[in-house]
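S.K.:
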Amino acid sequence: AWMNGNFFLEKDELKEALPLFSQAKQVYSELSKVSTYDQKELMQEKLDNLELVILYCTRYLSQEGTNAKELADMMSRSKDSSGLIQSKLSKVISESMKEQAHEGYEVSLFGRSIPVRNESTAVLLLSAQSNVESLESLTSAIQTLNELEWEKVDNLFVETFSKYDDAARNIRNDTNKAESSNISTADLPKERFVGELKLLRLYVKVQKLEKVINRNDLLSQRLEKQYEEQVDNQFANDFNKGVNVTEKTSSDKSKGKTKKSSKRSMKSQNLQRMFDKLLQNITTQLEVMEEAGKEAESEETANAEAARLYELQKLVEAKRSYYEGRGLNEANRPDEALSAFEHSLESIQDLLSADARENLGAEDFEALVEFQKRIAGERRVSQARLLLSEARSSVGGEDKSASGQDP
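The following block contains the structure:
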């Protein structure tokens, strides 16, 4: 039934395909009830794809059609990237975008409407927006994504960046042509056309940087999860082996018994570099937003958008300092670690201040409070290690003085 349905689907004979897909869905549903765990996963994947293709057939047979957002959501939910339904959805989305671009397409830069007069540029921007909607669907449960899903997300980000780059190239070419031409019409003077293109260029720049920030923010969350899991696993392994988790024994150091894992380890420095990159992205975006707000004569709206970005900047600074402190603790440099944790706490306290709390949801507020507790806990560890180090130094100095040596 599945193969025959695909045969009719390929020929766009949806009326014949639909009952076959419905029959296949019923069979797979029954099989999933008596299958092994691995077989159930395979059956569920088949059922997911069948639901999509049945929805596709039903909508177009009833002539209801689907909107661009629904199409993008269907595309992101399909797990068979090489399947026929993917090619059908891609074709429909492409046709929908071309039709929308031909009818006239506008974008908004901080409330200022900008017409996109080049159809090729409009299709690129619509396609990028479709990708963004797919990404929102894919990353709605970020903590549960597996390696293949992460790869799909990253590839979709790269494809989106490419579309913004192509759109920017089109805009640059249109601007050069307009500036070198003396042609003007009563409806669209040259100065107005060039002004629209300048705003459109800034719109594309703001959109791309926003997606770059989103991508790097998601990547930093993934690296955080990997780092914390690695630390937990190492602690569990050391505990089971009866090894002191705070420092290696002298015999292990001398004999070199520490085993190296074949899997590449995640270090706090990796996270610090990721946060540095994210902070640079945010700084650049804030500069572009300021310029765009002035050009669009919407500085108040731009400033409101920038305020949310400043909050993210504070959070990233707090995380960067936190993981810097973790790395310094691991390197037995408690005095420097203590300073890093103090800086991290200051950033979190700024976010939890009365003014900033107005923009926080209940879930975000709880997450910040929990993070604040983690920082405070690590700070106490640094303080204890610093006191222990100072005590050892003091005892060492007294021993040398007693033996007649210079401390």
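Numbering (our numbering), first residue to last: 1 to 407. Note that beta-carbon positions come from the ideal geometry of N, C-alpha and C, so glycine has one too.
Once you ignore the five residues that flank residue 343 on each side, which residues in its own chain have a CB closer than 7 Å to its CB?
M.R.: Translated into positions along the sequence shown, residue 343 becomes position 343. Taken in chain order, the residues that qualify are 321.
S.K.: Spell out whether any CB of chain B is found under 9 Å from the CB atom of residue 359.
M.R.: Structure shown: chain B not included; a single protein chain is present.
S.K.: With a cut-off of 8 Å on the beta carbons, I'd call residue 282 and residue 348 a contact; round off their distance for me.
M.R.: As a working mapping, residue 282 is identified with position 282 in the sequence shown. As a working mapping, residue 348 is identified with position 348 in the sequence shown. Not confirmed; about 17 Å, so no contact.
S.K.: Quick check on residue 358: does DSSP put it in helix, strand or coil?
M.R.: As a first step, residue 358 must be located in the sequence shown, where it is residue number 358. In the three-state reduction of the DSSP assignment, residue 358 falls in the coil class.
S.K.: Under three-state DSSP, which class holds residue 117?
M.R.: In the sequence shown, counting from the first residue as 1, residue 117 sits at position 117. Of the three classes helix, strand and coil, the one that applies to residue 117 here is coil, per DSSP.
S.K.: Over the uninterrupted beta strand (DSSP E) stretch that includes residue 352, give me the two end residues.
M.R.: One-based indexing of the sequence shown puts residue 352 at position 352. Where residue 352 is concerned, there is no enclosing beta strand (DSSP E), given that its DSSP letter is neither H nor E.
S.K.: What separation, rounded to the nearest whole angstrom, lies between the Cα atoms of residue 234 and residue 272?
M.R.: Here residue 234 is taken as the residue at index 234 of the sequence shown, counted from 1. Here residue 272 is taken as the residue at index 272 of the sequence shown, counted from 1. For the pair residue 234 and residue 272, the Cα-to-Cα distance works out to about 21 Å.
S.K.: Anyone know if the C-beta pair for residue 336 and residue 202 falls short of 9 Å?
M.R.: Position 336 of the sequence shown, counted from the first residue, corresponds to residue 336. Position 202 of the sequence shown, counted from the first residue, corresponds to residue 202. For residue 336 and residue 202, no; Cβs fall outside 9 Å.
S.K.: Pull up the distance between the alpha-carbon of residue 229 and that of residue 377, whole angstroms please.
M.R.: On the sequence shown, position 229 is the one that residue 229 refers to. On the sequence shown, position 377 is the one that residue 377 refers to. Those two C-alpha atoms are separated by around 18 Å.
S.K.: With DSSP run on the structure shown, which of helix, strand or coil describes residue 248?
M.R.: As a first step, residue 248 is located in the sequence shown; it is residue number 248 there, counting from the start. With a pLDDT of 47 at residue 248, under the threshold of 50, the modelled position of that residue is not reliable, and the figure given next carries that caveat. Residue state, collapsed to three classes: coil.
S.K.: Just checking my contact of residue 334 with residue 385 at CB under 8 Å: how many whole Å lie between their CB atoms?
M.R.: To locate residue 334, count along the sequence shown from 1; it is residue 334. To locate residue 385, count along the sequence shown from 1; it is residue 385. Contact flag correct, Cβ pair sits at about 4 Å.
S.K.: So what's residue 112 in DSSP terms, helix, strand or just coil?
M.R.: Counting from one through the sequence shown, the residue named residue 112 turns up at place 112. Residue state, collapsed to three classes: strand.
S.K.: Note the first and the last residue of the continuous alpha helix (DSSP H) segment covering residue 220.
M.R.: Within the sequence shown, numbered from 1, the residue matching residue 220 stands at position 220. Start and end: 190-241.
S.K.: Report back the beta-carbon spacing between residue 132 and residue 211 to the nearest angstrom; my notes put them in contact at under 8 Å.
M.R.: For the purposes of this step, residue 132 is identified with residue 132 of the sequence shown, where counting begins at 1. For the purposes of this step, residue 211 is identified with residue 211 of the sequence shown, where counting begins at 1. With 8 Å as the limit, residue 132 and residue 211 qualify as a contact, their Cβ atoms being about 7 Å apart.
S.K.: Tell me the DSSP secondary structure of residue 295 in three-state form.
M.R.: The residue labelled residue 295 in the question sits at position 295 within the sequence shown. Residue 295 falls in the helix class under three-state DSSP.
S.K.: Quick one: grab the DSSP three-state call for residue 136.
M.R.: On the sequence shown, residue 136 is found 136 positions in, with the first residue counted as 1. Looking at residue 136 - three-state DSSP - the assignment turns out to be helix.
S.K.: Counting along the chain, where does the alpha helix (DSSP H) carrying residue 11 start and finish?
M.R.: Sequence index remark: in the sequence shown, residue 11 carries index 11 (1-based). Run containing residue 11: none; DSSP gives neither H nor E here.
S.K.: Given a threshold of 16 other Cβ atoms within 10 Å of its Cβ, counted over all protein chains shown, does residue 241 qualify as buried or as exposed?
M.R.: Locating residue 241 in the sequence shown gives position 241, where the first residue counts as 1. Exposed: under 16 other Cβ atoms inside 10 Å.
S.K.: Please classify residue 169 as buried or exposed, where buried requires at least 16 other C-beta atoms within 10 Å of its C-beta.
M.R.: If you number the sequence shown from 1, residue 169 lands on position 169. Label assigned to residue 169: exposed.
S.K.: In angstroms, rounded to a whole number, what distance separates the CA positions of residue 363 and residue 373?
M.R.: As a working mapping, residue 363 is identified with position 363 in the sequence shown. As a working mapping, residue 373 is identified with position 373 in the sequence shown. Residue 363 and residue 373: Cα-Cα distance of roughly 16 Å.
S.K.: On a Cα-Cα basis, can you pick out the residue from 40, 21, 29 and 45 that is closest to residue 55?
M.R.: Translated into positions along the sequence shown, residue 55 becomes position 55. Among 40, 21, 29 and 45, the Cα nearest to that of residue 55 belongs to 21.
S.K.: Could you tell me the alpha carbon to alpha carbon distance between residue 119 and residue 104, rounded to whole angstroms?
M.R.: Counted from its first residue, the sequence shown places residue 119 at position 119. Counted from its first residue, the sequence shown places residue 104 at position 104. Cα to Cα, the separation comes out at about 8 Å.
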